[in-house]
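> Under the numbering used here, the first residue of the sequence shown is numbered 5, with each subsequent residue one higher. Structure incoming, see below.
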Amino acid sequence: MNLRAILLLLLVSSCTYEYHFSSPPKIIQHPADLWVLKGDTNSSNCLSVIATHPEDEIITYQWYMASENDETPGIEIQGATLDAFVPDKSNIDTAFYFVVVSSPGYAVGSNVARVFVVDSLEK
5 MNLRAILLLL
15 LVSSCTYEYH
25 FSSPPKIIQH
35 PADLWVLKGD
45 TNSSNCLSVI
55 ATHPEDEIIT
65 YQWYMASEND
75 ETPGIEIQGA
85 TLDAFVPDKS
95 NIDTAFYFVV
105 VSSPGYAVGS
115 NVARVFVVDS
125 LEK
(Lines of atoms letter the chains of each structure in order from A and count residues from 1; the text may use other names and numbers.)
(Lines give C-alpha, C1' and ligand atoms only; values in the text may rest on other atoms or scores of the structure.)
Protein backbone atom coordinates (compact mmCIF):
# COMPACT_ATOMS: atom_id res chain seq x y z
CA MET A 1 0.00 0.00 0.00
CA ASN A 2 1.43 3.37 -0.92
CA LEU A 3 1.55 6.46 1.32
CA ARG A 4 -1.39 8.09 -0.46
CA ALA A 5 -3.65 5.08 0.19
CA ILE A 6 -2.60 4.95 3.86
CA LEU A 7 -3.38 8.65 4.36
CA LEU A 8 -6.77 8.24 2.67
CA LEU A 9 -7.57 5.25 4.87
CA LEU A 10 -6.61 7.20 8.01
CA LEU A 11 -8.74 10.15 6.92
CA VAL A 12 -11.81 7.99 6.27
CA SER A 13 -11.44 6.02 9.51
CA SER A 14 -11.11 9.22 11.56
CA CYS A 15 -14.44 10.51 10.21
CA THR A 16 -16.56 7.82 11.81
CA TYR A 17 -18.94 8.90 14.53
CA GLU A 18 -20.49 6.83 17.25
CA TYR A 19 -24.07 7.79 17.96
CA HIS A 20 -25.07 7.93 21.59
CA PHE A 21 -28.74 8.28 22.35
CA SER A 22 -29.36 9.78 25.73
CA SER A 23 -32.34 10.84 27.80
CA PRO A 24 -33.16 14.24 29.25
CA PRO A 25 -32.48 15.01 32.90
CA LYS A 26 -35.43 14.61 35.24
CA ILE A 27 -36.42 17.16 37.87
CA ILE A 28 -37.37 15.23 41.01
CA GLN A 29 -38.10 18.26 43.20
CA HIS A 30 -38.91 21.69 41.79
CA PRO A 31 -38.00 24.92 43.60
CA ALA A 32 -40.64 25.86 46.18
CA ASP A 33 -42.03 29.29 47.05
CA LEU A 34 -40.01 31.04 49.74
CA TRP A 35 -40.89 33.68 52.33
CA VAL A 36 -37.92 35.56 53.82
CA LEU A 37 -37.29 38.67 55.86
CA LYS A 38 -35.80 41.72 54.20
CA GLY A 39 -32.05 41.73 54.80
CA ASP A 40 -31.93 38.04 55.79
CA THR A 41 -28.33 36.80 55.54
CA ASN A 42 -29.06 33.11 56.15
CA SER A 43 -27.83 31.32 53.03
CA SER A 44 -29.96 28.26 53.85
CA ASN A 45 -33.01 30.36 52.95
CA CYS A 46 -32.59 29.56 49.29
CA LEU A 47 -34.26 28.05 46.26
CA SER A 48 -33.17 24.56 45.31
CA VAL A 49 -33.85 21.86 42.76
CA ILE A 50 -33.18 18.13 42.79
CA ALA A 51 -32.48 16.55 39.41
CA THR A 52 -31.14 13.23 38.18
CA HIS A 53 -30.10 11.72 34.89
CA PRO A 54 -30.98 8.12 33.94
CA GLU A 55 -27.57 7.50 32.33
CA ASP A 56 -25.62 9.48 34.96
CA GLU A 57 -24.72 12.17 32.41
CA ILE A 58 -23.32 15.42 33.78
CA ILE A 59 -26.10 17.83 34.77
CA THR A 60 -25.67 21.61 34.72
CA TYR A 61 -27.90 24.31 36.19
CA GLN A 62 -28.72 27.89 35.23
CA TRP A 63 -31.10 30.06 37.28
CA TYR A 64 -33.28 32.77 35.76
CA MET A 65 -35.43 35.60 37.08
CA ALA A 66 -38.82 35.80 35.41
CA SER A 67 -40.93 38.92 35.11
CA GLU A 68 -44.09 37.04 36.04
CA ASN A 69 -45.20 33.59 37.09
CA ASP A 70 -44.03 31.91 33.89
CA GLU A 71 -40.75 30.74 32.37
CA THR A 72 -40.59 33.21 29.48
CA PRO A 73 -38.94 35.57 29.18
CA GLY A 74 -36.35 34.99 31.83
CA ILE A 75 -33.22 36.94 32.64
CA GLU A 76 -30.17 34.75 33.16
CA ILE A 77 -28.63 35.28 36.59
CA GLN A 78 -24.86 35.42 36.10
CA GLY A 79 -22.98 32.94 38.27
CA ALA A 80 -26.13 31.10 39.43
CA THR A 81 -25.08 27.68 38.15
CA LEU A 82 -25.58 25.37 41.13
CA ASP A 83 -28.55 23.28 42.24
CA ALA A 84 -29.32 25.94 44.89
CA PHE A 85 -29.62 29.70 44.57
CA VAL A 86 -29.79 32.43 47.23
CA PRO A 87 -32.12 35.17 45.93
CA ASP A 88 -31.75 38.89 46.59
CA LYS A 89 -33.33 39.69 49.97
CA SER A 90 -32.43 43.37 50.16
CA ASN A 91 -35.79 44.86 49.12
CA ILE A 92 -39.40 44.14 50.02
CA ASP A 93 -40.75 42.61 46.84
CA THR A 94 -42.03 39.48 45.14
CA ALA A 95 -39.79 37.93 42.52
CA PHE A 96 -40.14 34.88 40.29
CA TYR A 97 -37.35 32.39 39.60
CA PHE A 98 -36.85 29.16 37.68
CA VAL A 99 -33.91 26.94 36.82
CA VAL A 100 -32.97 25.18 33.59
CA VAL A 101 -31.41 21.77 34.16
CA SER A 102 -29.29 20.62 31.21
CA SER A 103 -27.42 17.55 30.05
CA PRO A 104 -25.79 16.97 26.65
CA GLY A 105 -28.49 17.63 24.06
CA TYR A 106 -31.31 18.42 26.50
CA ALA A 107 -32.61 21.26 28.67
CA VAL A 108 -35.55 21.01 31.07
CA GLY A 109 -37.11 24.00 32.83
CA SER A 110 -38.41 23.85 36.38
CA ASN A 111 -41.65 25.25 37.68
CA VAL A 112 -41.52 28.92 38.64
CA ALA A 113 -40.99 29.65 42.35
CA ARG A 114 -42.02 32.89 44.01
CA VAL A 115 -39.80 34.59 46.56
CA PHE A 116 -41.61 36.93 48.93
CA VAL A 117 -39.28 39.35 50.71
CA VAL A 118 -41.24 40.88 53.60
CA ASP A 119 -40.57 43.10 56.61
CA SER A 120 -42.27 40.69 59.04
CA LEU A 121 -43.24 37.03 58.98
CA GLU A 122 -46.08 37.64 61.46
CA LYS A 123 -49.66 37.51 60.24
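Don't be surprised by glycine CBs; every beta carbon is placed ideally from N, CA and C.
Short of 6 Å in beta carbon distance, which residues of its chain neighbour SER27, apart from the five on each side in sequence? Order them along the chain.
Closer than 6 Å at Cβ, skipping near neighbours: PRO58.
> So, for GLU80: in the same chain, excluding its five sequence neighbours on each side, which residues have a beta-carbon less than 6 Å away from its beta-carbon?
Counting only Cβ-Cβ distances below 6 Å, and skipping sequence neighbours, we find TYR68.
> Exposed or buried, which one is PRO108 when buried takes at least 16 other CB atoms within 10 Å?
With fewer than 16 other Cβ atoms within 10 Å, it is exposed.
> Indicate the three-state DSSP secondary structure (helix, strand or coil) for GLY43 in the structure shown.
Here GLY43 sits in coil by DSSP.
> Using the Cα positions of ASN97 and TYR110, report the straight-line distance between them to the nearest angstrom.
Residue identity differs from the one stated: residue 97 is Asp in this sequence, not Asn. Cα to Cα, the separation comes out at about 33 Å.
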